[in-house]
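Right under this line is the structure:
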């Protein structure tokens, strides 16, 4: 037998997560374009945790959901951005654009041991239209493949030694390797659809 969602407040009682973990304070959502929702919350809000529940952290991650219960379509982000970021984006699929959706947010602990009760953020009518930009713009980090030693930024440790300090610093090559590693990872799978 299929569950039937009826009544004025049924969406507020629907949960995407449940647990004793502290939730977010003052979460809000804005529609940035026909394809994008932005969720915002107070990043400094990490209320105390009940006994036997891990302490909340800036590294806890949000769970986001936009769902059209009538059409049984949704978009979600799980896990999403960190609590400390104060904001997260959710890409809206074409089949949800122009539809009425219910919005939810929840949290999962950084060690994945517990999650919060989801918070219902309300129902909105999504815009249906062309993206704000007329052309697609793809932002990529451009990293030179090889850098001549004499054109490198001096090592922070070298600069500190010149000033009489001898603490370790990061070399530009280390930063370039880290950026290359990040660039090779795929971040495009973040906007999941169901």
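Numbering (the working numbering), first residue to last: 1 to 194. Where a beta carbon is used, it is the ideal one built from N, C-alpha and C, also for glycine.
For residue i, three-class secondary structure by DSSP
i	result
residue 93	coil
residue 84	helix
residue 18	coil
residue 194	With a pLDDT of 47 at residue 194, under the threshold of 50, the modelled position of this residue cannot be trusted, and the question is left open.
residue 38	strand
residue 125	strand
residue 171	Only weak support is given to the placement of residue 171: the predicted model assigns it a pLDDT of 39, under 50, and the value that follows is read from those uncertain coordinates. It is coil, neither helix nor strand.
residue 156	Reliability of the predicted coordinates at residue 156 is poor, the pLDDT of 41 falling under 50, and the value obtained from them is presented with this limitation in mind. DSSP places residue 156 in helix when its eight states are reduced to three.
residue 24	coil
residue 135	Here the model assigns residue 135 a pLDDT of 38, short of 50, so the residue's position is not dependable and the matter cannot be decided.
residue 200	The shown model of the chain, from 1 to 194, leaves out residue 200, and the question about it has no answer.
residue 119	strand
residue 57	coil
Neighbourhood of residue i by C-beta distance below 8 Å, restricted to the same chain and skipping five residues each side
i	result
residue 127	31, 33, 34, 97, 98
residue 124	29, 31, 100, 101, 103
residue 79	61, 62, 63, 108
residue 27	39, 40, 41, 105, 119, 121
Range of the contiguous beta strand (DSSP E) that encloses residue i
i	result
residue 111	Looking at the DSSP string, residue 111 is not in any beta strand (DSSP E), and its letter there is neither H nor E.
residue 75	73-77
residue 66	61-68
residue 32	28-33
Best match in the options for proximity to residue i [C-alpha to C-alpha]
i	options	result
residue 25	95, 71, 87	87
residue 68	119, 120, 102, 55	102
Chain-order list of residues whose beta-carbon lies under 6 Å from that of residue i (same chain, five-residue window excluded)
i	result
residue 14	none
residue 95	73
residue 110	57, 59, 60
residue 173	Bear in mind that a pLDDT of 44 at residue 173, under 50, signals an unreliable position, so the number given afterwards is only what the model happens to contain. Taken in chain order, the list of residues that qualify is empty.
Residue j beta carbon less than 8 Å from that of residue i
i	j	result
residue 113	residue 63	no
residue 43	residue 84	yes
Same chain only: Cβ atoms within 7 Å of residue i, ignoring 5 sequence neighbours per side
i	result
residue 116	17, 19, 21, 22, 23, 106, 107
residue 213	Residue 213 lies beyond the stretch modelled for the chain, which goes from 1 to 194, so this question has no answer here.
residue 122	103
residue 70	none
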